[in-house]
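So the structure is just underneath, and the comments pick up after that.
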Amino acid sequence: MGLGGSILQAEYTLIKRIVMVFFFSVTTPSGIALGIALSKAYKENSPAALITVGLLNASSAGLLIYMALVDLLAADFMGPKLQGSIKLQMKCYIAAFLGAGGMSLMAKWA
């Protein structure tokens with residue numbers, strides 16, 4: 248989603264956009280094909296597989312947290328409307344912390 252948005256917002260030439268869109272649209276099907284090809288050799292309880300899955304999960308979670316904090320919340324929290332009102336800032340901080348806590352609680356059950 249982030250890559251698609253970046254491609255649309257960037258002011259690249261038509262050729263660069265076409266190449267980016269091509270690779271953007273080919274990535275998922277090629278990943279699926281690779282997964283199908285490796286499924287017979289994959290042992291889900293082996294130490295190497297557990298470490299790999301753990302590292303991939305941690306890096307994707309870190310990227311999602313970065314996107315949420317830097318790209319989404321920072322723009323809202325640094326806006327002139329929010330900067331002009333301490334009361335509104337406190338409400339937004341409380342809402343953000345409650346939302347993060349709620350998501351953490353749901354992750355604990357999932």
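If you read the sequence shown in this note's numbering, its first letter stands for residue 248, the second for the next number, and so on.
For every residue, glycine included, the Cβ atom is placed at its ideal position computed from N, Cα and C.
- The three-state secondary structure of threonine 299, taken from DSSP, is helix.
- Less than 8 Å divides the Cβ of isoleucine 254 from the Cβ of phenylalanine 271.
- The alpha-carbon of alanine 280 is positioned some 21 Å away from that of leucine 302.
- If you ignore the 5 residues before and after arginine 264, its C-beta comes within less than 6 Å of no other C-beta in its own chain.
- In the structure shown, methionine 325 falls within a coil segment according to DSSP collapsed to helix, strand and coil.
- Residue ranges of uninterrupted beta strand (DSSP E) with 3 or more members are absent from the region 258 to 301; none lies entirely inside it.
- At a Cβ-Cβ threshold of 8 Å, alanine 295 and tyrosine 289 do not count as neighbours.
- Less than 8 Å separates the beta-carbon of leucine 320 from that of alanine 343.
- Boundaries for alanine 315: no alpha helix (DSSP H) harbours it, and the DSSP string shows neither H nor E there.
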